[in-house]
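Let me begin by presenting the structure, written as structure tokens, before commenting on it.
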Amino acid sequence: MPRFPILLFLFVYPSFALDFLFNSFNATNPGVILIPDARVDTSVIRLLNDSNQYSLGRAFYPTRIKMKQTQNSTTTLSSFSTSFVFSILPTIASSPGFGLAFVLSNWTNPPGALASQYFGLFTNATVPSAAPLLAVEFDTGRNTEFNDPDRNHIGIDLNSLLSATTKPGGYNSSAGFVPVSLGNGQNVRAWIDFDGPNFQINVTVAPVGVSRPSVPILSFKDPAIANYTSEEMYVGFSASKTTWIEAQRILAWSFSDTGVAREINVTNLPVFSLPSSSNSLSAGAIAGITIGCVVLLVICVFVVSWYWYKKKLRALEEDVIEDWELEYWPHRFSYGELSQATNGFSMDQLFGLRWIWESVQRNSPKQF
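Here the sequence shown stands for residues 699 to 1066, numbered as in the numbering used here.
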């Protein structure tokens, strides 16, 4: 185990201890504040509402956490450890991407936050939030005006969507960097360690089923972190969207400000994906289409063959000499007979035409 979690909580007082674990969520008693579109849907928190064009949802733990401790006139930032499982699933591949954010905020409803974008936390990218606000964004969209590196990144936001630092979604293994798609619907596990005394935030992610990587994908250290916290703050999640449908879900959540967050039981978590009809054709559908194409091709070949057969038969019938024609002269000759008799319609063999042409040349004026 790394040293960091052991030393993390030396400055926390037991009277402010906060420790909770949600392996799932109950609609009757969710244990969190859900506003305004957030709700419990089949044991998970669904942050947004598909039927709303501009949807905003937040889920906060009802008790504020103590973020600053004062002892002997010295104020020190508290520390905490949290882990959660999330799933972000767009209904179409062309969705611009919205993502979700883990947030520390003075209020459950940050002033000026927009329902259409900016994770439902900010007014816009260039105007700082009106109150101390710190967020860890799991972004599935790329906005160049926010200096986003790509459509799959993690960032630290200090009162602004202009992230203080970003890293690609993924984790480091012994074999190197392993990318993790944050927005394909898979269950992703995140670990966030906030080391208050050292002004440091460590973020680690991995797909559910992969052990926690030993090295964080993002490590941000800056004394300025203290400027974006207050004595007590709400902790939770926030997301927003426009017309495009994107399902942001929180499946489980563990938090502690007295030690390492308790382990989440991930064995029974639901898995979300688009219906097969939306993602790709089933094997049966592919087989049906293939058979249909083969049958259509056979029919086309049959129709074309039948057409040429009837045409050839009609031509043969027209070339047959009837009995009455044999008694009278002249009678019909087929094209093949004429071609053979004239050596391919050679002028030497065209007796009638050649005689006429020679007569014209003999009797015509010189200008011809």
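Even glycine gets a Cβ: it sits at the ideal position worked out from N, Cα and C. Owing to the predicted nature of the structure, the values given are computational and were not obtained by experimental measurement.
{"Asked": "Ranges of the beta strand (DSSP E) found wholly within the stretch 726-798, counting only runs of at least 3", "Found": "731-734, 737-739, 742-744, 753-758, 766-769, 772-775 and 778-788"}
{"Asked": "Beta-carbon proximity list for VAL933, same chain, < 6 Å, skipping 5 on both sides", "Found": "TYR759, ILE763 and LEU802"}
{"Asked": "Residues bridged to ALA945 [DSSP beta-bridge criterion]", "Found": "LEU787"}
{"Asked": "Sub-7 Å separation of ILE786 and GLY881 beta-carbons", "Found": "yes"}
{"Asked": "Contact check, LEU916 vs VAL906, beta carbons under 7 Å", "Found": "no"}
{"Asked": "Stretch pair the stretch 946-964 + the stretch 799-813: three plus CB contacts closer than 8 Å", "Found": "no"}
{"Asked": "Complete beta strand (DSSP E) runs within the stretch 897-927 (minimum length 3 residues, chain order)", "Found": "898-905 and 916-919"}
{"Asked": "ARG887 - containing beta strand (DSSP E), residue span", "Found": "886-893"}
{"Asked": "Cβ neighbours of ALA639 in the same chain (closer than 6 Å, five flanking residues each side left out)", "Found": "There is simply no residue 639 to check, as the chain begins at 699 and stops at 1066 in what is shown."}
{"Asked": "Where ILE997 sits in the DSSP three-state scheme", "Found": "helix"}
{"Asked": "Same chain, Cβ closer than 8 Å to GLY795, five either side skipped, listed in chain order", "Found": "PRO788, ASP837, THR838, GLY839, ARG840, ARG849, GLY881 and GLU944"}
{"Asked": "Which residues DSSP lists as bridging ILE852, in chain order", "Found": "PHE836 and LYS865"}
{"Asked": "Pick from THR941, GLU961 and THR965 that is closest to ILE790, judged by C-alpha positions", "Found": "THR941"}
{"Asked": "Separation of SER771 from GLU835, as counted between CA atoms", "Found": "34 Å"}
{"Asked": "Burial state of TYR1007, where buried means 16 or more other Cβ atoms lie within 10 Å", "Found": "exposed"}
{"Asked": "PHE875 - containing beta strand (DSSP E), residue span", "Found": "874-877"}
{"Asked": "Per-residue DSSP class, three states only, for PHE817", "Found": "helix"}
{"Asked": "C-alpha gap between LEU745 and SER938, whole angstroms", "Found": "8 Å"}
{"Asked": "Buried versus exposed call for GLY729 [16 or more other C-beta atoms within 10 Å across all chains shown]", "Found": "exposed"}
{"Asked": "For ASP891 and LEU754, the rounded distance between their alpha carbons", "Found": "26 Å"}
{"Asked": "Status (buried if at least 16 other CB within 10 Å, exposed otherwise) for ASP739", "Found": "exposed"}
{"Asked": "Of the listed residues LEU832, ASN750 and THR927, nearest to THR773 (C-alpha basis)", "Found": "THR927"}
{"Asked": "CB of GLY874 within 7 Å of CB of HIS851, strictly", "Found": "no"}
{"Asked": "Where the beta strand (DSSP E) containing GLU930 begins and where it ends", "Found": "930-939"}
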